[in-house]
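First residue of the sequence shown? That's 4 in my numbering, and the numbers climb one at a time after it. Reviewing the structure listed below.
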Amino acid sequence: MHDGEWTGLCSGSCIGHKRIETFPPCTTDRLRLTVTEAKAKPCIRSFRVFRTI
Numbered sequence: 004m005h006d007g008e009w010t011g012l013c014s015g016s017c018i019g020h021k022r023i024e025t026f027p028p029c030t031t032d033r034l035r036l037t038v039t040e041a042k043a044k045p046c047i048r049s050f051r052v053f054r055t056i
């Protein structure tokens, strides 16, 4: 969320059990994960964000 509006950081598809995304540093107090399409019921085991150098 940026200035009260949701903005996208990354999008795409994943085949397999893991997806890792990188994006420029940003500051926020909220994150949202949206699954728009799936062949089977999604099972999100973890959703983590890290600051890396």
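Don't be surprised by glycine CBs; every beta carbon is placed ideally from N, CA and C.
Coarse secondary structure for residue i, derived from DSSP in three states
{"i": "E40", "result": "coil"}
{"i": "H20", "result": "coil"}
From the options, residue whose alpha carbon lies closest to that of residue i
{"i": "S14", "options": "H20, E8, T37, D6", "result": "T37"}
{"i": "S49", "options": "R33, W9, I23, M4", "result": "I23"}
{"i": "T10", "options": "D32, K21, G19", "result": "D32"}
{"i": "D20", "options": "F26, P45, R54", "result": "Note that residue 20 corresponds to His in the displayed sequence, not to Asp. Among F26, P45, R54, the Cα nearest to that of H20 belongs to P45."}
{"i": "F53", "options": "H5, T25, C17", "result": "T25"}
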